[in-house]
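Mind the numbering: the sequence shown is residues 7 to 333 in our numbering, read in order. Heads up, the beta-carbon is just placed ideally off N, CA and C, and yes, glycines get one too. This structure is a prediction, so every number in the text was calculated from the model and none was measured.
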Amino acid sequence: MICTNKLKKVLIFLLIAVFAVSISGCSGDNVTYDIYENSKGYKLISGNESTNNNLFAKDLCVTDGSNIGMEQVESQVAGSAVLANRNTKEIKYSQNVFDKMFPASTTKILTAMVCVKYANLDDTVTVSQNACNQTSDSSVCGLKPGDRITYRDLLYGLLLRSGNDAAIAIAEGMSGSVEEFAKMMNKEANLAGATHSHFVNANGLHNDDHYTTVYDMYLMFDKALDYKLLHDIVTTTSQDVAYTDANGNPVQQKWYNTNLYLTNQVRQPQGITVLGGKTGTTNPAGYCLVLLSRNSNNEELISIVFNADCRQNLYYLMNQILDTFGS
Numbered sequence: 007m008i009c010t011n012k013l014k015k016v017l018i019f020l021l022i023a024v025f026a027v028s029i030s031g032c033s034g035d036n037v038t039y040d041i042y043e044n045s046k047g048y049k050l051i052s053g054n055e056s057t058n059n060n061l062f063a064k065d066l067c068v069t070d071g072s073n074i075g076m077e078q079v080e081s082q083v084a085g086s087a088v089l090a091n092r093n094t095k096e097i098k099y100s101q102n103v104f105d106k107m108f109p110a111s112t113t114k115i116l117t118a119m120v121c122v123k124y125a126n127l128d129d130t131v132t133v134s135q136n137a138c139n140q141t142s143d144s145s146v147c148g149l150k151p152g153d154r155i156t157y158r159d160l161l162y163g164l165l166l167r168s169g170n171d172a173a174i175a176i177a178e179g180m181s182g183s184v185e186e187f188a189k190m191m192n193k194e195a196n197l198a199g200a201t202h203s204h205f206v207n208a209n210g211l212h213n214d215d216h217y218t219t220v221y222d223m224y225l226m227f228d229k230a231l232d233y234k235l236l237h238d239i240v241t242t243t244s245q246d247v248a249y250t251d252a253n254g255n256p257v258q259q260k261w262y263n264t265n266l267y268l269t270n271q272v273r274q275p276q277g278i279t280v281l282g283g284k285t286g287t288t289n290p291a292g293y294c295l296v297l298l299s300r301n302s303n304n305e306e307l308i309s310i311v312f313n314a315d316c317r318q319n320l321y322y323l324m325n326q327i328l329d330t331f332g333s
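Shown next, in the form of structure tokens:
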């Protein structure tokens, strides 16, 4: 008869052995791991590769970071770029996709995703003085302290007009401060697989500790497009909004998309229909553009150019990439 302590040791040894075999794949099964979100963040569950239909990257374009196609376009005008086909799951163009980049206002894609996921969009936010305290050259929606506006309307100001005031109003309304909201942003970025990014604000104004990569931005934009409202907003040319000021008086505004494709100020690429996207510009970030398009095969494309040296070259390179690799 085995004593109790010895029996415990045997059982512990067997459990460790079984666990070691399962994680090493030595059991004879091809073991993979799935990632899903719970209230505490990530959790890993094992599953057989041949039967698991919920693998984290099954619907994503995966890359090893190799540059593809740079010699066929004027790639030198920008720091990094990528073209991903959402239907075929292929990276068609790749330029320094893992390099650290400053995202400028393309940050607002992540801000919007956090808002749609966690806020009651019909709740009303009271705009603070801090949200309106923007520099004279800042991109704003024209909100005033005390304005009362829904999260839904703020999203249009955020993504169409690229309002820095709208970004701060969302962050403060949801989390009480920009700093607390940034924690939510970083969590959502990680859940999207964007593990080479870090965010400290909701609007993308420059901070050395606020950065991403074009591949991470692809992952976040791809995830954001799963939300119908965000897909609708980024493909909208203009939006009429109505809200009230601090005294309860009605205010009406019309916000236009900053994407020059949607305002017909830049030619469409050959065989490509540009659906929408998000622009961004600061001096350190250069000119940035995240784009959703559809080619003649009815395939959706995500294309991103970061750190272009001027606005003209931003759209010039984007057209070259889509002309050459989009079909």
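Cβ distance (whole Å) where residue i is taken to contact residue j below 8 Å
i, j, result
"T288", "M191", "Going by Cβ atoms, the distance from T288 to M191 rounds to 18 Å, so no, they are not a contact pair."
"T285", "S168", "7 Å"
"L298", "A87", "L298 to A87, Cβ: 15 Å. No contact."
Nonlocal neighbours in the same chain, by C-beta distance under 8 Å from residue i, ignoring five residues either side
i, result
"P290", "F108, H212"
"N313", "A84, G85, S86, M107, F108, A291, G292, Y293, C294"
"K123", "E194, Y233"
"A125", "Y157, I176, G179, M180"
"D315", "V83, A84, G292, Y293"
"D238", "none"
"H216", "F108, P109, T113, H204, F205, V206, N207, G210"
Cα-Cα separation between residue i and residue j, rounded to whole angstroms
i, j, result
"T132", "V103", "39 Å"
"D214", "K150", "29 Å"
"G254", "N139", "21 Å"
"M1", "V311", "Residue 1 is absent from the structure shown; the chain starts at 7 and stops at 333."
"S33", "D65", "In this predicted model, S33 has a pLDDT of only 32, less than 50, meaning its place in the structure is not dependable; the value taken from the coordinates is given anyway. Rounded to whole angstroms, S33 to D65 spans 28 Å at the Cα level."
"D153", "T94", "45 Å"
"N197", "D222", "A quick correction: the sequence has Leu, not Asn, at residue 197. Between L197 and D222, the C-alpha separation is close to 11 Å."
"S72", "S309", "16 Å"
"N325", "A252", "45 Å"
"T218", "L161", "22 Å"
"M119", "W261", "20 Å"
"E96", "Q258", "43 Å"
"D329", "Y99", "11 Å"
"A175", "D70", "38 Å"
"V240", "D246", "15 Å"
"S81", "R158", "38 Å"
"L166", "N136", "21 Å"
"N301", "I327", "13 Å"
"N270", "D129", "34 Å"
"G332", "V280", "11 Å"
"L20", "V68", "For L20, the predicted structure reports a pLDDT of 45, less than 50, and the residue's modelled location is therefore unreliable. The matter cannot be settled from this model."
"A336", "S134", "Here the chain comprises residues numbered 7 to 333, so residue 336 is not present and cannot be evaluated."
"G182", "A188", "11 Å"
"E185", "A90", "32 Å"
"G148", "A208", "17 Å"
Close-in-space but distant-in-sequence residues of the same chain around residue i (CB under 7 Å, 5 per side omitted)
i, result
"L266", "V272, Y321"
"P256", "A248, T250"
"V146", "Q140, G169, N170, D171"
"T112", "G210, M223, K284, G286, C294, V296"
"V220", "S86, A87, V88, V103, M107, I310, F312"
"A110", "G210, G286, T287, T288, A291, C294"
"L236", "A118, M119, V122, A230"
"L164", "K114, T117, A118, A172, A173, I176"
"D105", "G85, S86, T219"
"L127", "T156, Y157, R158"
Reduced DSSP secondary structure (H/G/I, E/B, other) of residue i
i, result
"G246", "Strictly speaking, residue 246 in this sequence is Asp, with Gly absent from that position. In this structure, D246 counts as strand in the three-state DSSP scheme."
"A314", "strand"
"R92", "coil"
"S333", "coil"
"T218", "strand"
"E305", "coil"
"L268", "coil"
"G292", "strand"
"A208", "coil"
"R158", "helix"
"T132", "strand"
"V257", "strand"
"S81", "helix"
"V146", "coil"
"Q326", "helix"
"V122", "helix"
"A200", "coil"
"D40", "Low confidence applies here, because D40 scores a pLDDT of 36, under 50, leaving its location unreliable; read the following figure in that light. In the structure shown, D40 sits in a strand (DSSP, three-state: E or B)."
"G169", "coil"
"L127", "coil"
"V68", "coil"
Close beta carbons around residue i, own chain, < 6 Å, minus the five adjacent residues each side
i, result
"G199", "L225"
"E319", "The question names Glu, but residue 319 in the sequence shown is Asn. Around N319: V83."
"T243", "N263, L268"
"Q276", "D329"
"R92", "E306"
"N303", "none"
"Q78", "T330"
"I278", "S299, N301, L328, G332"
"V16", "For V16, the predicted model reports a pLDDT of 42, less than 50, meaning its position is unreliable and no value from the coordinates is stated."
Query raised in the report: Counting pairs of Cβ atoms below 8 Å between the stretch 204-211 and the stretch 224-231, do you hit three or more?
Result: no
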